[in-house]
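Have a look at the structure below, then the notes.
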Amino acid sequence: MDLGDLGQKLGLDKSILSAGDHVVRSPIDGSEIARLKVDSPADVARKIERAHAAFIAWQSVPAPRRGELIRLFGEELRAHKDALGRLVTIEAGKILQEGLGEVQEAIDIADFALGLSRQLYGLTIASERPGHRMMETWHPLGAVGVITAFNFPVAVWAWNFSLAIACGDSVVWKPSEKTPLTALACGALWQRAVKRFGEAPEGLLEVVLGGRDVGERLVDDPKLRLISATGSTAMGKTVAPRVAARLGRTLLELGGNNAMIVAPSADLKLAERAILFAAVGTAGQRCTSLRRLIVHADVAPALLERLKSAYASIAIGDPLDAGTLVGPLIDGRAFEAMQAMLARAKTDRGVVSGGERVLANRYPNAFYVRPAIAEMPAPTDAMRTETFAPLLYAVTYRDFADAICIHNDVPQGLASAIFTNDVREAETFVSATGSDCGIANVNIGPSGAEIGGAFGGEKETGGGRESGSDSWRAYMRRATNTINYSRELPLAQGIKFGTD
Ligand code: NAD
Numbered sequence: 014m015d016l017g018d019l020g021q022k023l024g025l026d027k028s029i030l031s032a033g034d035h036v037v038r039s040p041i042d043g044s045e046i047a048r049l050k051v052d053s054p055a056d057v058a059r060k061i062e063r064a065h066a067a068f069i070a071w072q073s074v075p076a077p078r079r080g081e082l083i084r085l086f087g088e089e090l091r092a093h094k095d096a097l098g099r100l101v102t103i104e105a106g107k108i109l110q111e112g113l114g115e116v117q118e119a120i121d122i123a124d125f126a127l128g129l130s131r132q133l134y135g136l137t138i139a140s141e142r143p144g145h146r147m148m149e150t151w152h153p154l155g156a157v158g159v160i161t162a163f164n165f166p167v168a169v170w171a172w173n174f175s176l177a178i179a180c181g182d183s184v185v186w187k188p189s190e191k192t193p194l195t196a197l198a199c200g201a202l203w204q205r206a207v208k209r210f211g212e213a214p215e216g217l218l219e220v221v222l223g224g225r226d227v228g229e230r231l232v233d234d235p236k237l238r239l240i241s242a243t244g245s246t247a248m249g250k251t252v253a254p255r256v257a258a259r260l261g262r263t264l265l266e267l268g269g270n271n272a273m274i275v276a277p278s279a280d281l282k283l284a285e286r287a288i289l290f291a292a293v294g295t296a297g298q299r300c301t302s303l304r305r306l307i308v309h310a311d312v313a314p315a316l317l318e319r320l321k322s323a324y325a326s327i328a329i330g331d332p333l334d335a336g337t338l339v340g341p342l343i344d345g346r347a348f349e350a351m352q353a354m355l356a357r358a359k360t361d362r363g364v365v366s367g368g369e370r371v372l373a374n375r376y377p378n379a380f381y382v383r384p385a386i387a388e389m390p391a392p393t394d395a396m397r398t399e400t401f402a403p404l405l406y407a408v409t410y411r412d413f414a415d416a417i418c419i420h421n422d423v424p425q426g427l428a429s430a431i432f433t434n435d436v437r438e439a440e441t442f443v444s445a446t447g448s449d450c451g452i453a454n455v456n457i458g459p460s461g462a463e464i465g466g467a468f469g470g471e472k473e474t475g476g477g478r479e480s481g482s483d484s485w486r487a488y489m490r491r492a493t494n495t496i497n498y499s500r501e502l503p504l505a506q507g508i509k510f511g512t513d
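Just so it is clear: in the sequence shown, position 204 is 217 by my numbering, and no numbers are missing.
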């Protein structure tokens, strides 16, 4: 796989691409695309220090002015959407349409953050004391550590970064060791925006490269007031207590195990299209990918028949080719994990279609699979874990209350959906007694969220919220202010303390 002129277009100096011994491979054919230098402990410490110093200066810049820098960054992203989207495809293996979609998401959140920079509103609160006023103000928090996963190498960082910069913070970003080039390219585009802006402190974005050990340096550094970490639940379970031990803040976006209920009244054509995008899109490597289908027994045979025939003919191949819908898995480990779960589904009396490796002759060092459906006689333990590959379990139900129970009976709580034309079922699903996930949709699949809403999930998904709505508050500190403009000093709760 050749990067061609992508590096140059994105401002990546050629010398960077062969500066060290961390091998970066493209999942498209398994070939080496770069050898990068990872950051030593001293490098990481220096970068955190620089980000902290940048924060000290940046917090005093008026928020709308900070928004102006984000606006310029959005322009850079727009101008380089094609090149950056291609790099995402080469490095993460998602199809080009989705690579471009990720960059669009970064553009959208930059627009959002620009608007937000004039809307970091606080409250005024009625005081119980005469001649007093209470208010709530929001202030920049500090340097923020952002740790990201391989499967959304631009968008997840951008959700955090644009908001944090608008909020007056600086960011130290540790991208996945599988997608560091995309991060370096984002950093280079950011530097172009900084240059045009002219008056931003150095160090508002520091990219640190390396694996888990580098991530752990961020996690343990008290200068990073917030650690926003996206990745597996296993990662979150080690990060959360370490940050808690220093009483830092975390924002966790962890694994999902997303389900869809298909009711007897559902528009099956619509459901089929939604299932296909959600279950096989990004080769099943989205945190919001559809992993469990809970179908009413009356419509299950027809729906599964349609799905199996769509799965059998879906275009699998080079994600840079326009007709491809399913690209490669990220690596051999992901392939092995999927195969192990398929074997387990068979042991659990499931009937599996698909799941086999394809294109092995053409790409002996890459891992393409036909997406799989495992029809299970009943929910199993294995269905309660996230397999990060295109493996869709299907079970049937008769009673709607049972469907909700099956739906919620997993440790994760990210995204969910129901297809129904019954208003009672639809409303129940999004009510307190319905889906227990952070995202609950009706007649639309669980994946492919817009940036305007708060994104995140419950239970082992970690509880964090990023992107739209009021997620910005995670990147700021709140102060409650009481101002006395009277000539008295009354105490709250009417307390008398000594004599006047
Ligand atoms: P991963 O957990 O292997 O790695 C994620 C990041 O964490 C990487 O940068 C890695 O180097 C770092 N890391 C790992 N252990 C660490 C530790 N102990 N301390 C500090 N950093 C550590 O995940 P992955 O394979 O890259 O991504 C797939 C997973 O991410 C899936 O579980 C998926 O559901 C999840 N994900 C969740 C969301 C969400 O928003 N909820 C979004 C994307 C991906």
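Here a beta-carbon is modelled for each residue, glycine too, at the ideal position from N, C-alpha and C. As the structure is a computational prediction, the values presented were derived from the model and not from experiment.
For the alpha helix (DSSP H) that residue i lies in, which residues bound it at each end?
i	result
R205	P193 to F210
K60	P54 to W71
W170	A168 to A179
A105	K94 to A105
L528	Since the first residue shown for the chain is 14 and the last is 513, residue 528 is missing from the structure and cannot be characterised.
V227	R225 to D233
V256	T246 to A258
Per DSSP, what kind of secondary structure is residue i in: helix, strand or coil?
i	result
A32	coil
L113	helix
S444	coil
R146	strand
H420	helix
K514	Given a span of 14 to 513 for the chain in the structure shown, any question on residue 514 remains unanswerable.
F290	helix
G297	helix
V74	coil
A379	coil
G426	strand
M515	Residue coverage of the chain in this structure runs from 14 to 513, which leaves residue 515 outside it and unanswerable.
F468	strand
L405	strand
K509	coil
Y488	helix
Please determine whether the Cβ atom of residue i lies at a distance below 7 angstroms from any heavy atom of the ligand NAD.
i	result
R262	no
R225	yes
K50	no
A291	no
F165	yes
M489	no
E190	yes
K472	no
T216	According to the sequence provided, residue 216 is Gly. The question's Thr does not apply to it. Outside the cutoff, so no.
A242	yes
K60	no
S245	yes
C199	no
T409	no
E229	yes
M248	yes
Since residue i is in the beta strand (DSSP E), which residue starts that stretch and which ends it?
i	result
A452	Position check: residue 452 holds Ile in this sequence, whereas Ala was assumed. Here the beta strand (DSSP E) through I452 covers I452 to V455.
K27	Run containing K27: none; DSSP gives neither H nor E here.
G158	A156 to I160
E219	L218 to V220
E388	A385 to E388
A315	Here A315 belongs to no beta strand (DSSP E); instead the alpha helix (DSSP H) covers A313 to S326.
E266	R262 to E266
Rounded C-beta distance between residue i and residue j? I'm assuming under 8 angstroms.
i	j	result
S366	Y324	7 angstroms
E89	R225	About 31 angstroms separates the two Cβ atoms, so there is no contact after all.
G269	A428	6 angstroms
M389	D361	7 angstroms
A76	A213	In fact, because the Cβ distance is near 14 angstroms, the residues do not count as touching under 8 angstroms.
G294	E111	7 angstroms
P332	D311	37 angstroms between Cβ atoms; not a contact.
L303	A291	4 angstroms
Is the Cβ of residue i closer than 8 angstroms to any Cβ of chain B?
i	result
R48	Looking at the structure shown, chain B is missing, and only one protein chain is on hand.
So does the region 226-244 actually touch the region 254-265, counting three or more Cβ pairs closer than 8 angstroms? Because the criterion of three Cβ pairs below 8 angstroms is met, the region 226-244 and the region 254-265 touch.
Contact between the region 313-329 and the region 151-165 (3+ Cβ pairs under 8 angstroms): With fewer than three CB-CB distances shorter than 8 angstroms, the region 313-329 does not count as touching the region 151-165.
Across the region 334-354 and the region 373-386, are there enough close Cβ pairs to call them in contact, namely three or more that are closer than 8 angstroms? With contact defined as three or more Cβ pairs closer than 8 angstroms, the region 334-354 and the region 373-386 are in contact.
Below 8 angstroms, how does it come out for the region 433-446 and the region 389-407: are there three or more Cβ pairs, yes or no? No, they do not touch.
If contact is defined by three or more beta carbon pairs under 8 angstroms, each pair taking one atom from either stretch, is the region 265-281 in contact with the region 193-210? Cβ pair count under 8 angstroms is below three, so no.
Determine, using beta-carbon pairs with one atom in the region 269-285 and one in the region 454-468, whether at least three such pairs fall under 8 angstroms. They touch, by the three-pair rule.
Do the region 203-222 and the region 250-258 make contact, defined as three or more Cβ pairs closer than 8 angstroms? A contact between stretches requires three or more CB pairs, one per stretch, nearer than 8 angstroms, and the region 203-222 fails this requirement with the region 250-258.
On the three-pair Cβ rule with 8 angstroms, is the region 98-113 touching the region 33-52? With the cut-off at 8 angstroms, the region 98-113 and the region 33-52 touch.
Are three or more beta carbon pairs between the region 489-507 and the region 141-155 nearer than 8 angstroms? Flag = yes, the region 489-507 and the region 141-155 touch.
Taking 8 angstroms as the cut-off, does the region 45-55 touch the region 123-141 (at least 3 CB pairs, one atom from each stretch)? Put simply, the region 123-141 does not touch the region 45-55. Fewer than three CB pairs are less than 8 angstroms apart.
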